[in-house]
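Going left to right, the sequence shown walks through residues 0 to 355 as numbering that gives the first Met the number 0 numbers them. Think of the CB as a built atom: it goes at the ideal place given N, C-alpha and C, for glycine as much as any other residue. Accompanying notes for the structure given below.
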Amino acid sequence: MDMSGRIVGDNGEGYMTKNVTRRAAIGMGAAAAALAATGQAAAAEGRTPPAATQVRTGGCAEAIRRTYLEQKVKAGGVWHAHIAMVDGAGALETVVADDADRVTHGYSVQKLAVAVAVMDKIDRGQLRLDQRLDLNADIILGGTGIYFLQTVWGDEVTVANFLTAMLLVSDNTAVRMCGRVVPALEINDILAAKGFTHTRVEPVANPNRFYLGVTTPRETHDLLWRLANKTILTPRSANFLLGILRWINGYHDGIRRTMSSAERSRVATKYGADFDDLGAARHEAGIMFDAAGAPTLTYALFADSLGHLDNYGSTHPAVQAHAVLGRTMFDAISATTNRTTRSRHHVAPFRPVDGG
Numbered sequence: 000m001d002m003s004g005r006i007v008g009d010n011g012e013g014y015m016t017k018n019v020t021r022r023a024a025i026g027m028g029a030a031a032a033a034l035a036a037t038g039q040a041a042a043a044e045g046r047t048p049p050a051a052t053q054v055r056t057g058g059c060a061e062a063i064r065r066t067y068l069e070q071k072v073k074a075g076g077v078w079h080a081h082i083a084m085v086d087g088a089g090a091l092e093t094v095v096a097d098d099a100d101r102v103t104h105g106y107s108v109q110k111l112a113v114a115v116a117v118m119d120k121i122d123r124g125q126l127r128l129d130q131r132l133d134l135n136a137d138i139i140l141g142g143t144g145i146y147f148l149q150t151v152w153g154d155e156v157t158v159a160n161f162l163t164a165m166l167l168v169s170d171n172t173a174v175r176m177c178g179r180v181v182p183a184l185e186i187n188d189i190l191a192a193k194g195f196t197h198t199r200v201e202p203v204a205n206p207n208r209f210y211l212g213v214t215t216p217r218e219t220h221d222l223l224w225r226l227a228n229k230t231i232l233t234p235r236s237a238n239f240l241l242g243i244l245r246w247i248n249g250y251h252d253g254i255r256r257t258m259s260s261a262e263r264s265r266v267a268t269k270y271g272a273d274f275d276d277l278g279a280a281r282h283e284a285g286i287m288f289d290a291a292g293a294p295t296l297t298y299a300l301f302a303d304s305l306g307h308l309d310n311y312g313s314t315h316p317a318v319q320a321h322a323v324l325g326r327t328m329f330d331a332i333s334a335t336t337n338r339t340t341r342s343r344h345h346v347a348p349f350r351p352v353d354g355g
């Protein structure tokens with residue numbers, strides 16, 4: 000996430016109105032009609048309807064789909080998304096697949112893929128979490144994170160340290176630290192070996208540095224689901240990453256905004272934001288777990304061509320949309336228990352500590 004967003008002419012907070020405007024209503028109707036028409040055409044040809052229409056006819060999945068369409072129109076921009084949820088029988092159903100195969104810049108959501116590549120190298124015995132690297136001034140990168148705030152450097156930090164910083168507070172310097180132990184081309188080779196076609200970082204002249212690159216909503220969903228089920232990494236490595244992503248000190252402005260601390264701890268999430276010539280981008284992707292620790296829902300939400308380039312806070316319209324959708328999705332899984340999975344993940348309840 001690059002916090003150096005350029006200022007645009009309209010930076011007012013009244014972008015979202017309380018009522019859906021006539022233009023928004025027309026847009027929402029068009030979006031819904033497009034999804035329905037796609038499914039009808041597929042059925043007429045004897046094919047299985049695309050994932051966007053493979054939704055349970057009522058109840059929770061329909062509420063998610065309806066909320067997604069409403070919030071997408073309110074926020075504006077161009078959205079690419081994938082949401083999947085476990086049904087009562089334990090089968091994973093696609094609830095929303097909106098342009099889900101679009102290759103898009105993932106921005107800081109891509110740090111998930113980078114972390115998986117680092118942990119894969121650990122799983123193969125070529126790297127250790129307790130391995131130490133020096134943190135010097137010439138590697139420091141601003142934007143998001145904590146390392147650049149130190150103002151003096153010379154630390155030695157473990158791989159575990161900078162992975163935690165990268166996922167919990169989206170530290171950009173930590174990305175460069177990852178590149179020192181897993182160069183860009185090796186990251187891409189690892190991702191390709193794991194079956195990802197489009198999810199890649201973008202190499203630069205320095206082999207140990209890279210731009211965060213591109214992905215698709217569907218591949219992000221696949222990475223998340225395999226991480227939650229501990230098939231993309233060893234259980235120990237998967238648990239390490241999930242523990243960071245679920246901890247309540249992480250990102251709260253979007254999906255987890257209107258949740259209790261206990262509810263937030265059931266959501267592993269990663270946010271990404273930046274801008275390009277088309278406008279602002281606000282992304283968020285993650286996994287929701289049931290009360291027993293079983294993965295129950297994944298979301299991969301990518302929105303670009305948005306306004307409010309310089310607003311990286313909770314009042315950005317797309318982030319507000321994430322918050323509404325997050326509450327809807329969490330309520331939808333409240334009565335769902337994924338009894339079929341053998342893979343579960345737990346985090347300890349948050350307890351404040353007053354020093355000592």
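Can you tell which of V102, Y67, A88, A299 has the C-alpha that lies nearest to the C-alpha of L111? When only C-alpha atoms are compared, the closest one is A299.
Between the alpha carbons of N238 and K229, how many angstroms are there, rounded? Spanning the two alpha carbons is a distance of roughly 8 Å.
Keeping to the same chain, check which residues put their C-beta closer than 6 Å to that of M118; ignore five residues upstream and five downstream. Leaving aside the five residues that flank M118 on each side, the residues in its chain whose CB is nearer than 6 Å to its CB run, in chain order, L232, S236.
Alpha carbon to alpha carbon, how far is D252 from A322? Give it in angstroms, no decimals. C-alpha separation (whole angstroms): 7 Å.
Once you ignore the five residues that flank V168 on each side, which residues in its own chain have a CB closer than 7 Å to its CB? T143, G144, I145.
Opposite G271 in the DSSP bridges: which residues? Beta-bridge analysis with DSSP links G271 to H282.
Using CA coordinates, which residue listed in I243, V102, M258 is at the minimum distance from V115? Selected option, being the one with the closest Cα: I243.
Complete beta strand (DSSP E) runs within the segment 177-261 (minimum length 3 residues, chain order): Within the segment 177-261, the beta strand (DSSP E) runs of at least 3 residues that lie entirely inside it are, in chain order, 199-202, 209-214.
Looking at L296 and Y67, is the spacing between their C-beta atoms short of 9 Å? No, Cβ-Cβ distance for Y67 and L296 is not below 9 Å.
In the structure shown, what three-state DSSP assignment does M151 receive? Sequence check: residue 151 is Val here, not Met. V151: coil per DSSP, three-state reduction.
Apart from the five residues on each side of it in sequence, which residues of its chain come closer than 7 Å, Cβ to Cβ, to H197? Excluding residues within five positions, the ones whose Cβ falls inside 7 Å are V102, V213, T214, T215, E218.
Could you check which residue in D188, D129, N187, F195 has the C-alpha nearest to that of F161? The residue with the shortest Cα to Cα distance from F161 is D129.
By the three-class DSSP mapping on this structure, what secondary structure does S304 have? Strand.
Which ranges would you report for the beta strand (DSSP E) in the segment 97-177 if only whole runs of at least 3 residues count? Within the segment 97-177, the complete beta strand (DSSP E) runs of at least 3 residues are 131-134, 154-157.
Sequence-distant residues of the same chain with beta carbon closer than 6 Å to I247, five excluded per side: Correct list, in chain order: S260, R263, S264, F349.
Taking the beta carbon of D289 as the centre, do at least 16 other beta carbons fall within 10 Å, making it buried, or is it exposed? By the C-beta density criterion, D289 is buried, having at least 16 other C-beta atoms within 10 angstroms.
Spell out the partners DSSP gives I82 in its beta bridges. Beta-bridge partners of I82 (DSSP): V95, Y298.
Just to confirm my understanding: we take H315, look at its own chain, exclude 5 residues before and 5 after, and list those with CB closer than 7 Å. What are they? Answer for H315: R281, H307, listed in chain order.
Going by the beta-carbon positions, is the gap between V346 and R256 smaller than 9 Å? Inclusion of V346 and R256 in the CB contact set at 9 Å is not warranted, their separation being larger than that value.
Give me the Cα-Cα distance between Y311 and L211, rounded to the nearest whole angstrom. Between the alpha carbons of Y311 and L211 lies a distance of about 19 Å.
If you compare alpha carbons, which of V352, W78, M287, T339 is closest to A361? Outside the modelled stretch of the chain, which goes from 0 to 355, sits residue 361, for which no answer is possible.
Which residues does DSSP pair with F329 in a beta bridge? In the DSSP output, where bridge partners are listed per residue, F329 has none listed.
Between S304 and V77, how many whole angstroms is the CB-CB distance? I'm expecting something under 8 Å. Indeed, because the Cβ distance is near 4 Å, the residues count as touching under 8 Å.
Measure the alpha-carbon distance for D188 versus P351 and round it to whole angstroms. Within the model, the alpha-carbon separation for D188 versus P351 is close to 42 Å.
Compute the distance between the beta-carbons of A60 and W224, then report whether it is under 9 Å. Going by beta carbons, A60 and W224 fall outside the 9 Å limit.
Return the Cβ separation of L132 and R175 in integer angstroms, given the expectation that the two are a contact with Cβ distance under 8 Å. The C-beta distance from L132 to R175 rounds to 10 Å, too long to fall under 8 Å, and the pair is not in contact.
N-terminal and C-terminal residue of the alpha helix (DSSP H) that P277 is part of: Before going on, a small fix: residue 277 reads as Leu here, not Pro. Neither: L277 is in no alpha helix (DSSP H) and is coded neither H nor E.
Delimiting residues of the alpha helix (DSSP H) encompassing R343: The continuous stretches of alpha helix (DSSP H) do not include R343, and DSSP gives it neither H nor E.
Length of the line joining the Cα atoms of K120 and V113: Rounded to whole angstroms, K120 to V113 spans 11 Å at the Cα level.
Answer with buried or exposed for L91, where buried requires no fewer than 16 other C-beta atoms within 10 angstroms of its C-beta. L91 sits buried, since 16 or more C-beta atoms from the chains shown fall within 10 Å of its C-beta.
Rounded to the nearest angstrom, what separates A302 and H79 at their Cα positions? Cα to Cα, the separation comes out at about 6 Å.
When DSSP builds the beta bridges, which residues end up paired with F288? As a beta-bridge residue in DSSP terms, F288 pairs with P294.
Cα separation between Q109 and A159? Between Q109 and A159, the C-alpha separation is close to 18 Å.
Give me the Cα-Cα distance between A62 and A191, rounded to the nearest whole angstrom. Looking at the two C-alpha atoms, the distance is approximately 35 Å.
How would you label L277, buried or exposed, when you count the other beta carbons within 10 angstroms and need 16 or more for buried? With fewer than 16 other beta carbons inside 10 angstroms of its own, L277 counts as exposed.
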